[in-house]
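Heads up, the thing below is written out as structure tokens.
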């Protein structure tokens, strides 16, 4: 966090600038229902995806002028949803509304902590054009990893943590998000004191899935089409199933194959308020040679132990990219059940 000293530097490992397939089950719906009466089974993923999303309204990320008359009670991280009662969906809407306003003041409707608030602010004049004295954003893009596909609910889950704004660190309210297969996947390997990351091109005309739900434990979405792939269902494990020692993470390689890489689970936290729940260390030379360890874009990679899906990768320790953290998979399942 900027401006603050912390003992261990943790980096959320989805990469946002400002996640793919539908797995067809070899089981019928009745088979899946029977299996899941006592246990839950899903398809583990590990696909790296590119992401593009628009926010619900526009996000305030800063002030052009900090004078109270221009910002009122508007705070960084607020979502502007209307101006003078006219709905705002993107930055372009703001320009169009202000072009037709004769007054030098507007009423701004915004969402803060799930509450609707009105603020009256003065407009700024820039070469005869009216504008808000605020910096705003309506789009985000980046990369991440899908965790699992649930055949019961026909949804995927991924990333393992919230999509947040890079400037404000606020959880973004997503209006519409899309995932894409990466083209020409590249890897900047992680080294001490320097975060590694995944980057690629992608075809905006061919999204493979979409999502709207963004939470502290990742995103939930649906695939655009059914694509068969040979993969086995895996049982969901709970935190009591997790043991110290060997485990594996799944991650797509540059040839689009899902590979299993060996890790160690070094510690487990059962603090309900803690989103850093599983401490992990990469011990597989293949992954170290591929990425340097844990890097941005790997967030959401499934963690498997004793043939159960137990978690997802979420953070890297900046001082040592071979080490990082993950969350219990049951946290993602709980949120899924609320949808």
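Residue numbers (the numbering used here): 27 to 365.
Glycine included, C-beta positions come from ideal geometry on N, C-alpha and C.
For clarity, every value in this text was computed on a predicted model and none was experimentally measured.
By the neighbour-count criterion, in which 16 or more other beta carbons inside 10 Å mark a residue as buried, residue 155 falls on the exposed side.
If you ignore the 5 residues before and after residue 130, its C-beta comes within less than 7 Å of the C-beta of 148, 149, all in its own chain and listed in chain order.
Residue pairing by DSSP places residue 182 opposite 175, 247 in a beta bridge. Annotation for residue 272: the continuous beta strand (DSSP E) segment containing it runs 271-278. Remark: three or more beta-carbon pairs, one from each stretch, lie closer than 8 Å, so the stretch 312-330 and the stretch 342-350 are flagged as touching. Spanning the alpha carbons of residue 266 and residue 185 requires a straight line of approximately 23 Å. Going by DSSP, residue 237 is part of the beta strand (DSSP E) stretching over 235-241.
Just so you know, the alpha carbons of residue 272 and residue 138 end up roughly 43 Å apart. By the CB criterion at 7 Å, residue 107 and residue 114 fall inside the cutoff.
Collapsing the DSSP output to three states places residue 169 in a strand. Residue nearest to residue 217 within the set 132, 88, 343 is 343 (criterion: CA-CA distance). Excluding its 5 nearest sequence neighbours in each direction, residue 270 has C-beta neighbours in its own chain below 6 Å: 291, listed in chain order. One alpha carbon belongs to residue 117, the other to residue 230, and they sit about 20 Å apart. In the structure shown, residue 124 adopts helical secondary structure according to DSSP, grouped into three states. Comparing alpha carbon positions, the residue from 66, 209, 125 closest to residue 281 is 209. A Cβ-Cβ contact shorter than 7 Å links residue 75 with residue 205. Burial state of residue 93 is exposed, judged by a 10 Å Cβ sphere holding fewer than 16 other Cβ atoms.
According to the DSSP assignment, residue 138 belongs to the beta strand (DSSP E) that extends over 131-138. For residue 261, the enclosing beta strand (DSSP E) starts and ends at 260-262. Counting C-beta atoms within 10 angstroms of its own C-beta, residue 182 has 16 or more neighbours from the protein chains shown and is therefore classed as buried. Between residue 234 and residue 250, the C-beta gap is smaller than 7 Å, which places the two residues in contact.
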